[in-house]
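**Student:** For the sequence shown, position 27 matches number 959 in this note's numbering, and the numbering has no gaps at all. Before we start, here is the structure in question, set down as structure tokens.
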Amino acid sequence: MSKIEINKLTNANVYMNRINLLGRAEEVQLPQIKHKMAEHKALGMIGSAEFFAGIDKLECKIKWNALYPSVLLACANPFTSALIQVRANLETYNGTGRTNEVPATAFLIGTFKEFPLGNIKPHENAEYETTMSVTYAKLIVDSVEIFEIDVLENIYKVGMVDMLSTFKSNTGA
């Protein structure tokens, strides 16, 4: 029995506003979760330290492999949020080959802040990349909620544990 297990995620499908966009997205760059850190330094401390102070803005980029009017219609409206779902198949391998496959799904809600008219070159596919400002993000792997962030509802959960429960209680939120 092999001791090493390797996870591979090499393909996915994108849904926008519950519409299946199979084969239309070339690449998806999901948001990076960046913790804002506030520096603390005081007399008597030998150094300084950083402590959690919130979450930086979230952004998603999707590179489309062609011009899709239905996609651009959703991207062109800065006043309506879009629901994006990226569904993938997470494979696990060891020395005997593939041993497991589980779903990995990212859920996003946000508004598009950039949408392209395209880069057109002779004899090449045009390139279209959209950028979305994300206000909600959730990742579920094999029915396990990894995290959930909703900046407008003050939700930050890691593994179903509310990271803000004491803060909300203390502030009456």
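Heads up, the beta-carbon is just placed ideally off N, CA and C, and yes, glycines get one too. Owing to the predicted nature of the structure, the values given are computational and were not obtained by experimental measurement.
By the 10 Å Cβ neighbour count, where 16 or more other Cβ atoms means buried, how is P963 classified, buried or exposed?
**Tutor:** Within the sequence shown, the letter at position 31 stands for residue 963. Classification of P963: buried, given that the 10 Å Cβ count is 16 or more.
**Student:** Using only the alpha-carbon positions, how far apart do L1076 and A1069 sit?
**Tutor:** By one-based count along the sequence shown, residue 1076 stands at place 144. By one-based count along the sequence shown, residue 1069 stands at place 137. Just to set this straight, residue 1076 is Val in the shown sequence, not Leu. Between V1076 and A1069, the C-alpha separation is close to 15 Å.
**Student:** In whole angstroms, give me the CA-to-CA distance for Y1000 and I1081.
**Tutor:** For the purposes of this step, residue 1000 is identified with residue 68 of the sequence shown, where counting begins at 1. For the purposes of this step, residue 1081 is identified with residue 149 of the sequence shown, where counting begins at 1. Rounded to whole angstroms, Y1000 to I1081 spans 29 Å at the Cα level.
**Student:** Identify the residues that DSSP records as bridge partners of K993: which are they?
**Tutor:** Residue numbering aside, residue 993 sits at position 61 when the sequence shown is read from its first letter. For K993, which the question treats as bridged, DSSP gives the partners Q961, T1063.
**Student:** Using 10 angstroms around the beta-carbon of V1003, count the other beta-carbons present and answer buried if the total reaches 16, otherwise exposed.
**Tutor:** On the sequence shown, residue 1003 is found 71 positions in, with the first residue counted as 1. By the neighbour-count rule (16 or more Cβ atoms within 10 Å), V1003 is buried.
**Student:** For F1079 versus V1090, is the C-beta spacing smaller than 7 Å?
**Tutor:** Here residue 1079 refers to the residue found at position 147 when the sequence shown is read from its first residue. Here residue 1090 refers to the residue found at position 158 when the sequence shown is read from its first residue. Cβ atoms of F1079 and V1090: closer than 7 Å.
**Student:** Below 6 Å CB to CB, which residues in the same chain sit around V918 once its five sequence neighbours on both sides are set aside?
**Tutor:** Nothing in the structure corresponds to residue 918, since the chain is present only between 933 and 1105.
**Student:** If you reduce the DSSP assignment to three classes, tell me which class P1054 lands in.
**Tutor:** What you label residue 1054 is simply residue 122 of the sequence shown in a count that begins at 1. P1054 falls in the coil class under three-state DSSP.
**Student:** How about T1024 and N939: do their beta carbons lie closer than 7 Å?
**Tutor:** Residue 1024 sits at position 92 when you count from the first residue of the sequence shown. Residue 939 sits at position 7 when you count from the first residue of the sequence shown. Their beta carbons are under 7 Å apart, which means T1024 touches N939 by this criterion.
**Student:** Going by the CB atoms, is the gap between K973 and D988 shorter than 7 Å?
**Tutor:** Walking along the sequence shown from the start, residue 988 turns up at place 56. Walking along the sequence shown from the start, residue 973 turns up at place 41. No, the pair does not count as a contact, with Cβ atoms beyond the cut-off.
**Student:** Using CA atoms only, rank isn't needed, just tell me which of Y1060, E1056, I1041, H1055 is closest to P1048.
**Tutor:** Against the sequence shown, residue 1048 aligns to sequence position 116. Closest by alpha carbon: Y1060.
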